[in-house]
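Residue numbers (the working numbering), protein chains in the order written: chain A, 411 to 590; chain B, 35 to 721.
Shown next, in structure tokens, is the structure this report addresses.
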């Protein structure tokens with residue numbers, strides 16, 4: 411029967427992919443890939459690196475939802491001469507040594523304090539806390555129909571002295587800070 | 035001459051319910067979180083382009099926050115079909131979507147599509163024993179309880195973001211008389227559309243469809259969506275019905291009387307805490323089956339349904355874990371059924387059913403969480419049935435058989451409680467009191483325990499009752515005794531459900547669920563023909579015909595793999611029998627099996643989906659057998675192969691399987707033949 415044959419073909423195809431990728435695509439695997447991409451589409455002021463080969467520091471504040479995923483993603487990666495390193499932090503730590511700062515959902519209550527601490531510093535703040543970009547963060551990651559979408563607060567990026575590539579901006583929804 | 039398509043059924047027109055808020059919050063599927071991350075996978079992901087990353091559907095979703103994690107588990111068996119699945123499988127109507135859902139099946143009589151759930155579909159019950167919501171707004175028509183799942187739905191399936199199917203009695207949890215379940219259609223928001231889309235499609239049976247949508251989310255938070263579509267189909271040029279195979283009936287050939295037309299306009303505006311939605315739909319279907327003893331092959335036999343609603347919702351989350359929801363809704367529905375009758379005059383006499391209803395619904399709901407463990411929801415609802423008009427009359431010579439006008443208020447109060455007993459045990463309970471101007475009051479409880487013995491395993495134990503009050507149509511409709519007489523003595527139907535559900539995440543790729551249930555139904559309202567010997571011999575009447583019992587098992591398996599491979603498979607076993615005679619219920623398949631396989635053919639841009647649906651034999655109204663069948667559908671779908679363009683090509687009933695669905699009491703046909711192989715091609719351009 412044709413349906414059986416088609417099913418067989420399908421299974422064969424699946425098997426091939428399974429063999430290649432033992433893992434399903436998890437929410438934080440995709441978000442980690444986004445974080446990695448952000449390092450390529452953001453320009454930090456040169457003065458923000460002590461040397462030309464100083465690392466780009468990705469900080470994760472609060473409970474780390476990535477597990478070892480972020481470490482796997484950045485291992486061996488170099489972006490324009492800068493290796494990537496991961497640093498795990500608490501909200502009350504000094505956050506100013508980071509280039510990218512991912513704020514975990516566990517820090518929702520601390521969010522205003524964290525944003526005040528990094529205000530005016532060239533730090534790309536990223537979070538999946540809801541309405542993050544509207545609250546003054548730079549990049550919000552949200553799940554829409556099980557897909558990861560970006561919201562970018564362009565004014566907040568300019569205020570931080572960061573240049574975000576138009577390629578990134580084009581794919582994101584541009585939002586403004588909410589005043590309240 | 036008689037009743038119309040809309041004509042139908044029960045379920046109380048004015049009840050309602052809803053709690054969309056809860057529904058939506060509860061329905062986010064929670065699955066397990068990240069498994070052991072393998073470097074190769076994440077490395078590959080990291081080197082995809084941002085466009086590709088944005089197109090990946092994640093198959094594991096982590097509960098949003100501590101608090102949300104606690105409420106994520108719906109105390110029900112739930113299936114969600116997403117827009118992505120709708121596109122890849124080429125579904126064109128809500129009925130197509132529901133046909134792919136475990137335990138559900140539809141029946142098409144060439145007038146309308148009707149849904150069967152867990153072995154129940156009373157022919158003659160036009161979709162009134164489940165609740166249909168669009169963004170939380172009740173779509174069951176006030177006067178009849180009928181919910182359109184075909185082209186009569188107010189929103190085009192291409193404007194749907196996802197469909198949530200919540201099985202089981204929803205009387206207390208969802209606050210309405212959802213008898214077998216609740217279907218919530220979530221539409222695309224402005225930000226989802228993000229631009230304009232123009233779509234044109236066409237295919238077999240001389241059919242075409244055009245759609246235009248525009249949506250945007252502005253930086254000040256304002257979100258707007260508007261979508262309109264127009265569908266037209268000539269239908270089969272000739273349909274042969276052996277029951278009418280006489281020279282006076284064109285030798286059984288219904289010639290060019292199968293046409294269909296539908297147009298709809300849907301819009302939503304969201305700003306801050308407010309959401310305003312409005313929609314209208316017109317749907318016209320010619321009836322080729324000679325139902326209700328009408329003149330066969332007369333082009334005048336048709337159903338003309340119109341429906342519209344407005345809904346204003348205010349939702350506010352206060353800082354102290356208090357959530358307020360207020361809603362004001364207006365509904366309008368009209369249905370005109372035209373029936374050509376042979377009264378021995380030179381030309382057929384047209385008999386018209388004219389149903390018109392208007393309803394105002396006000397909801398107020400408060401939800402408070404205490405100490406993050408305990409959530410209490412209270413709600414009140416007032417329904418003003420402004421107008422419920424049923425008329426039946428002959429056009430020429432004019433004779434009025436029925437002119438029934440009513441109005442009245444319905445009320446409801448409900449209380450829900452969710453308590454986290456231990457970190458892995460949730461108790462959920464609720465009760466609702468409803469009072470109808472037609473049939474008085476009823477109270478319905480529901481209790482559920484949700485237990486998570488380990489991270490990937492969830493067990494749910496559910497007990498609940500639900501009811502369906504007879505609608506004004508069921509209570510008061512008659513065509514003056516020509517074919518049908520009223521039964522104002524009808525009582526509400528009552529259902530008691532016991533259910534155990536196991537949901538299991540298996541490895542990284544599969545999620546599975548198994549559900550065992552027992553339904554005990556009393557006072558089931560059925561269309562019956564009055565037995566010989568009575569003065570009304572041979573006429574159709576609705577009666578509380580007694581009871582039915584159903585036990586069943588549903589198994590579902592869903593798999594997703596990187597690269598876009600997806601699989602959905604389900605099997606359901608249902609034993610649904612008449613409570614008194616023990617006979618199998620009409621249109622109740624014992625076995626349903628469904629399989630949907632999607633494979634990426636080219637990058638993340640071209641997908642092939644193959645769908646097989648098997649239904650075992652069913653008993654028809656005359657007690658004979660409607661044979662088992664299996665149909666196969668195939669769809670090729672591509673997005674962004676050419677930038678901004680989506681193309682979809684489908685073949686339905688690929689092997690031209692010859693099969694039928696049981697007819698209703700209004701049909702002479704015991705079995706109504708279904709469509710053979712058909713084609714459909716769709717092109718969409720996104721601006």
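The beta carbon of each residue, even a glycine, is placed where N, CA and C say it ideally should be.
Predicted model, so just to flag it, every value in this text is computed and none were measured.
Could you confirm whether any beta carbon from chain B is found closer than 9 Å to the beta carbon of residue i?
i                      : result
residue 427 of chain A : Low per-residue confidence applies at residue 427 of chain A: pLDDT is 44, beneath 50, and the placement is therefore not dependable, though the value from the model is reported in the following sentence. With 9 Å as the cut-off, residue 427 of chain A counts as an interface residue toward chain B.
residue 578 of chain A : yes
residue 510 of chain A : no
residue 529 of chain A : no
residue 584 of chain A : yes
residue 658 of chain A : Nothing in the structure corresponds to residue 658 of chain A, since chain A is present only between 411 and 590.
residue 424 of chain A : Here residue 424 of chain A scores only 49 on pLDDT, less than 50, and its place in the model is too uncertain to base an answer on.
Could you give the residue range of the alpha helix (DSSP H) that holds residue i?
i                      : result
residue 128 of chain B : 128-133
residue 642 of chain B : Counting along the chain, residue 642 of chain B falls outside any alpha helix (DSSP H), though it belongs to the beta strand (DSSP E) covering 640-649.
residue 568 of chain A : 564-569
residue 484 of chain A : 479-484
residue 580 of chain A : 576-581
residue 521 of chain A : 521-528
residue 181 of chain B : It is not in any alpha helix (DSSP H) - residue 181 of chain B carries neither H nor E in the DSSP assignment.
residue 508 of chain B : 506-510
Do we get a CB-CB distance below 9 Å when we pair residue i with the residues of chain A?
i                      : result
residue 251 of chain B : yes
residue 563 of chain B : no
residue 228 of chain B : yes
residue 79 of chain B  : yes
residue 721 of chain B : no
residue 225 of chain B : yes
residue 215 of chain B : no
residue 254 of chain B : yes
residue 69 of chain B  : In this predicted model, residue 69 of chain B has a pLDDT of only 33, less than 50, meaning its place in the structure is not dependable; the value taken from the coordinates is given anyway. Interface residue, yes.
residue 75 of chain B  : yes
residue 195 of chain B : yes
residue 91 of chain B  : yes
residue 50 of chain B  : In this prediction, residue 50 of chain B scores a pLDDT of 31, lower than 50, which makes its location untrustworthy; the coordinate-derived value is nonetheless stated afterwards. No - not a single Cβ of chain A is within 9 Å of the one on residue 50 of chain B.
How far does the beta strand (DSSP E) with residue i in it reach, from first residue to last?
i                      : result
residue 628 of chain B : 625-636
residue 528 of chain B : 527-540
residue 116 of chain B : 112-116
residue 600 of chain B : 600-612
residue 592 of chain B : 582-594
residue 88 of chain B  : Per DSSP, residue 88 of chain B belongs to no beta strand (DSSP E); it is in the alpha helix (DSSP H), 84-89.
residue 523 of chain B : Residue 523 of chain B -> no beta strand (DSSP E), and no H or E assigned at all.
residue 719 of chain B : 712-720
residue 493 of chain A : 492-499
residue 666 of chain B : 663-673
residue 511 of chain A : 510-513
Identify the contact partners of residue i in chain B, using a Cβ-Cβ distance below 8 Å as the criterion.
i                      : result
residue 581 of chain A : 84, 85 and 88
Along chain D, which residues have their Cβ under 8 Å away from the Cβ of residue i?
i                      : result
residue 691 of chain B : Any reference to chain D falls outside this structure, whose protein chains are A and B.
Taking residue i as the query, report the chain A residues whose CB atoms sit under 9 Å from its CB, ordered along the chain.
i                      : result
residue 499 of chain B : Correct list: empty, because the minimum Cβ distance to chain A is about 34 Å.
Entirely enclosed beta strand (DSSP E) segments - the region 418-494 of chain B, minimum 3 residues: 433-456, 459-470 and 474-488
Chain B contacts from the region 432-453 of chain A (Cβ-Cβ distance under 7 Å): Hits within the stretch, in order: 432, 433, 434, 435, 436, 437, 438, 439, 440, 442, 443, 444, 446 and 447.
Interface residues of the region 451-479 of chain A facing chain B [CB-CB below 7 Å]: 475, 477, 478 and 479
The region 580-598 of chain B: positions lying closer than 7 Å to chain A by Cβ: From the region 580-598 of chain B, only 594, 595, 596 and 597 have a Cβ closer than 7 Å to chain A.
Chain B contacts from the region 540-563 of chain A (Cβ-Cβ distance under 9 Å): 540, 544, 553, 554, 555, 556, 557, 558, 559 and 560
Complete beta strand (DSSP E) runs within the region 196-257 of chain B (minimum length 3 residues, chain order): DSSP runs (the beta strand (DSSP E)) wholly in the region 196-257 of chain B: 215-221, 229-237 and 241-251.
Contained beta strand (DSSP E) runs [length at least 3] in the region 332-398 of chain B, N- to C-terminal order: 336-351 and 356-375
Contacting positions in the region 487-506 of chain A - beta carbon closer than 8 Å to chain B: For chain B, the residues of the region 487-506 of chain A that bring a beta carbon within less than 8 Å of one of its beta carbons are 487, in chain order.
Residues in the region 107-121 of chain B having any Cβ partner in chain A nearer than 8 Å: 116, 117 and 118
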